[in-house]
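Note sheet for the following structure.
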Amino acid sequence: MNPETCSIPAASKEASTCPVCGSGGRPVRPLTLRSLLQPPLRPQVRDEETYRFCPSPDCDLVYYGADGARFARQDLTVRVGLKERSSPRPLCYCFGHSEESIQEELARTGKTTVVEAIKDELKAGGCRCEVTNPAGGCCLGDVIKEVKALTSTSPALAEAHDCCAPSKPSCC
Numbered sequence: 046m047n048p049e050t051c052s053i054p055a056a057s058k059e060a061s062t063c064p065v066c067g068s069g070g071r072p073v074r075p076l077t078l079r080s081l082l083q084p085p086l087r088p089q090v091r092d093e094e095t096y097r098f099c100p101s102p103d104c105d106l107v108y109y110g111a112d113g114a115r116f117a118r119q120d121l122t123v124r125v126g127l128k129e130r131s132s133p134r135p136l137c138y139c140f141g142h143s144e145e146s147i148q149e150e151l152a153r154t155g156k157t158t159v160v161e162a163i164k165d166e167l168k169a170g171g172c173r174c175e176v177t178n179p180a181g182g183c184c185l186g187d188v189i190k191e192v193k194a195l196t197s198t199s200p201a202l203a204e205a206h207d208c209c210a211p212s213k214p215s216c217c
């Protein structure tokens with residue numbers, strides 16, 4: 046596992062809030078944008094620019110830069126699960142888990158092994174979050190939140206996943 050792969054660049058005060066919705070943006074590396082933007086847009090990404098990811102589910106803007114650069118959902122080659130209202134809603138881009146795949150496993154087996162599966166893959170060095178996840182960082186926290194939300198309707202399922210909450214992979 047390469048710790049640098051899942052790291053997020055240090056925060057900068059420049060353009061820290063989304064110019065569309067005002068949400069605080071998370072820094073992402075230019076590599077993330079080049080990996081996920083539609084091919085004709087990739088040359089617009091500059092190495093010396095600081096880009097941010099807008100985490101607001103209600104905002105169509107995905108990336109923005111201090112220089113005024115803006116890239117919306119339709120500019121990406123992947124669906125931004127956090128911003129999607131319809132299926133499929135990707136959660137883990139490295140290993141192909143979605144809200145729907147977790148729901149299906151819960152319906153079929155009464156439990157989900159997705160968190161453990163991702164942790165095993167991370168230990169094996171399979172993390173590629175910087176180039177697959179639009180947020181530019183590890184998705185495990187988002188997956189754990191989704192599992193908790195999906196299992197909160199069933200006390201037995203929620204209890205089975207409490208063990209995962211404090212865990213954090215070494216890459217994040």
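Per the working numbering, the sequence shown starts with residue 46, numbered consecutively.
Glycine included, C-beta positions come from ideal geometry on N, C-alpha and C.
Neighbourhood of residue i by C-beta distance below 8 Å, restricted to the same chain and skipping five residues each side
i    : result
Q83  : D120, L121 and T122
F140 : A162, I163, E166 and G171
Nearest neighbour of residue i, chosen from the options [CA to CA]
i    : options                 : result
Y138 : S80, C104 and S68       : S80
R130 : A117, P102 and R173     : P102
R71  : Q89, P100, F140 and R91 : P100
P64  : T77, Q89 and V107       : V107
V73  : E94, K128 and H142      : E94
Beta-bridge pairing of residue i - partner residues as DSSP gives them
i    : result
R71  : F98
F116 : Y108
S143 : P135
L76  : Partner(s): none; L76 has no beta bridge.
S62  : Reading off the sequence shown, one finds Thr at residue 62, where the question assumed Ser. Per DSSP, G69.
L82  : L121
Chain-order list of residues whose beta-carbon lies under 6 Å from that of residue i (same chain, five-residue window excluded)
i    : result
D165 : none
R153 : none
G155 : none
Beta-carbon proximity check, residue i vs residue j, cutoff 8 Å
i    : j   : result
G113 : Y96 : no
G181 : F98 : yes
Cβ distance (whole Å) where residue i is taken to contact residue j below 8 Å
i   : j   : result
T62 : G69 : 6 Å
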